[in-house]
Amino acid sequence: MGVILALAAVLVVLFGAAVLFVRADAARMADSLRSLGPALLGLVGAPMLIFGRSLIGGLLLLAALAWVGWIRTRRPPARAAASKHSTVRTAALEMDLDHD
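Okay, structure coming up:
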């Protein structure tokens, strides 16, 4: 009986995670995933630095800091110019598009 309840609980949690994933904003999720890598490196490197593997831990922390610096210095994506206008023509159709 306990196994069935545990399996049902796992299925409910997985379903909830899937619903949150589908409804999530893609831009915010990408920003979160971009900063997840350096955070994981820092979480692995800090205990190694404290508990005696100082060389490996220090290198991991340094790599995490470099990764964060690289993320922050990257150029933001280019924005479209305001009030841009274009025309599309095919054999059966002609359209004027306003890019907002």
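Just so you know, we're using this note's numbering here: the sequence shown kicks off at 59 and counts up by one. Just so you know, even glycine gets a beta-carbon here, dropped at the ideal spot from N, CA and C. Since we're looking at a predicted model, the values are computed, not measured.
Problem set entry | Identity of the residues DSSP links to ARG147 by a beta bridge | As a first step, residue 147 is located in the sequence shown; it is residue number 89 there, counting from the start. Residue pairing of ARG147 in beta bridges, as defined by DSSP: GLU152.
Exercise. At what residues does the alpha helix (DSSP H) containing ARG2 begin and finish?
Worked result: The requested residue 2 is not part of the displayed model; the chain covers only 59 to 158.
Problem set entry | Endpoints, alpha helix (DSSP H) assigned at MET159 | Since the first and last residues shown for the chain are 59 and 158, residue 159 lies out of range.
For this session: Inspect the beta-carbon positions of LEU99 and ALA122 and report whether they are closer than 7 Å.
Result: Within the sequence shown, residue 99 is the residue found at index 41, counting from 1. Within the sequence shown, residue 122 is the residue found at index 64, counting from 1. Yes, they are a contact pair.
Problem set entry | Beta-carbon spacing of LEU118, GLY103 below 7 Å | As a working note, residue 118 is residue 60 in the sequence shown. As a working note, residue 103 is residue 45 in the sequence shown. Yes, these two residues count as a Cβ contact at 7 Å.
For this session: Let me know if PRO105 comes out buried or exposed under the rule of 16 or more other beta-carbons within 10 Å of its beta-carbon.
Result: Taking the first residue of the sequence shown as 1, we reach residue 105 at position 47. Within 10 angstroms of the beta-carbon of PRO105 lie fewer than 16 other beta-carbons, which makes it exposed.
For this session: Tell whether a beta-carbon distance below 7 Å holds between ILE129 and ARG92.
Result: What you label residue 129 is simply residue 71 of the sequence shown in a count that begins at 1. What you label residue 92 is simply residue 34 of the sequence shown in a count that begins at 1. In this structure, ARG92 lies closer than 7 Å to ILE129 by Cβ.
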